Amino acid sequence: MSEPTHHPLRAIALFLMAMLLFATLDTTAKHLAQTFPVPMLVWARYTFHFLLMLLVLGWSMRGRLIATRHPVEQVLRALLLVATTGFGVAALRIMPLAESTAIFFVAPLIVTVLAVPLLGESVGGRRYVAVLAGFAGVLLIARPGGTLPAAGVAAALVAAVAYSGYQILTRRIARHENAVTMVFYTALVGTAVMTLALPWYWSGPMPDWRQALLICSLGIYGGTGHFLLTRAFRLAPASTLSPFQYVQLVWATLLGWLVFGQLPDGLSMAGGLVIAASGVAIALDERRSGASGRRSARRS
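In terms of our numbering, the sequence shown opens at residue 2 and continues consecutively.
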């Protein structure tokens, strides 16, 4: 029996599982970054993701894993995701989990602004209001006189900018590329780049077997999470799933409290909620605009 092409409840369940895996990835990376160099953890995240995809899909897909119409965009997109991971882990190393995650989630707001000049999309006034509100939420978290380190806030913002570029390139080529191939290129390029640079950053203590398992798990969390996202987007459109990405903020807050004993203060919590509400508002407005466009196309 063929798999249904539209199954929103199953898609949402897969999407929420992916958000939990990404929050677990961040939690594990934050724990390990207290002992090991950040670049080494980035290398592990992509290398074990790459090996996992080869093991699971290499025998069946073979050449289709790397067959692409947009090799330059694929490589650039992967490099942006590597930068996202590196700066994201650097922020997590010195910042609480919840606040780092909240600042990172300004990426969809940046995408909304960049989509106009780079993708030719039209953005209404409601989305711009939501973007301004979202950046106000960032100011609540990274307010002057607050306790967050400036270097951590800067690293989280750079990660968000890099991720917005990654999302823009994803939108540009997703219609013409296999989703699994796109995930594979991020793993392939990330592994290649970080392995070539290995002699310049490999330092620090050698992990014991428990730490080695945690380091390996970074690639498993990331690879499995992206696989679940791919499956979810096959079962429901992005407009249905996008509002649920902010559930990762809930997971991050919970895991930050359980693992590190860290809870955001009142203003930081309010800032995170404002960012999440702004992102959800943008996603819902995009969904309404898409539905309206489809109705207009049917009438014409």
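All C-beta atoms, glycine included, are put in the ideal place defined by N, C-alpha and C. Because the structure is a prediction, the values reported are computed rather than measured.
| Check | Outcome |
| --- | --- |
| Per-residue burial, L170 [other beta carbons within 10 Å of its own, 16 or more giving buried] | buried |
| Sequence-distant residues of its chain with Cβ nearer than 8 Å to D286 (five each side left out) | G125, R127, R128 and A131 |
| DSSP three-state assignment for R144, whether helix, strand or coil | coil |
| Nonlocal neighbours in the same chain, by C-beta distance under 7 Å from S204, ignoring five residues either side | P38 |
| Given 8 Å, three or more beta-carbon pairs between the stretch 104–113 and the stretch 41–59 | no |
| P265 classed as buried or exposed, judged by whether at least 16 other C-beta atoms fall within 10 angstroms | buried |
| Proximity to R211 [Cα-Cα], best of Q168, L33 and L80 | L33 |
| Cβ-Cβ separation, V275 to L141 (assumed contact under 8 Å), whole Å | 7 Å |
| Distance CB(A99)-CB(G273) smaller than 8 Å | yes |
| Neighbour-count burial assignment, S297, 16 or more Cβ in a 10 Å radius | With a pLDDT of only 49 at S297, under 50, the local geometry of the prediction cannot be trusted, and no value is derived from it. |
| V190, enclosing alpha helix (DSSP H) - first and last residue | A180 to L197 |
| Within 8 Å, strictly: CB atoms of P208 and I216 | yes |
| DSSP-derived helix/strand/coil call for S101 | helix |
| Selected residue, minimal CA-CA separation from A193, among R144, R289, F51 and A155 | F51 |
| For E4, three-class secondary structure by DSSP | Low confidence applies to E4: its pLDDT is 46, below 50, so where it sits in the model is not reliable enough to give any reading. |
| Contact under 8 Å by Cβ, V181 with T231 | yes |
| Nearest candidate by alpha-carbon position, reference I95, set G138, D27, V73 and V76 | D27 |
| Cβ-based neighbour list, G153, same chain, cut-off 6 Å, excluding 5 preceding and 5 following | A92, I95 and M96 |
| Beta-carbon proximity list for A103, same chain, < 7 Å, skipping 5 on both sides | I142, L250, G272, G273 and I276 |
| Counted within 10 angstroms of its Cβ, other Cβ atoms place A284 as buried (16 or more) or exposed | buried |
| Spatial distance of A237 from I13 (CA atoms) | 8 Å |
| Beta carbon of A175 nearer than 8 Å to that of F16 | no |
| Among L119, T148, F136 and G121, nearest to F105 - alpha-carbon criterion | F136 |
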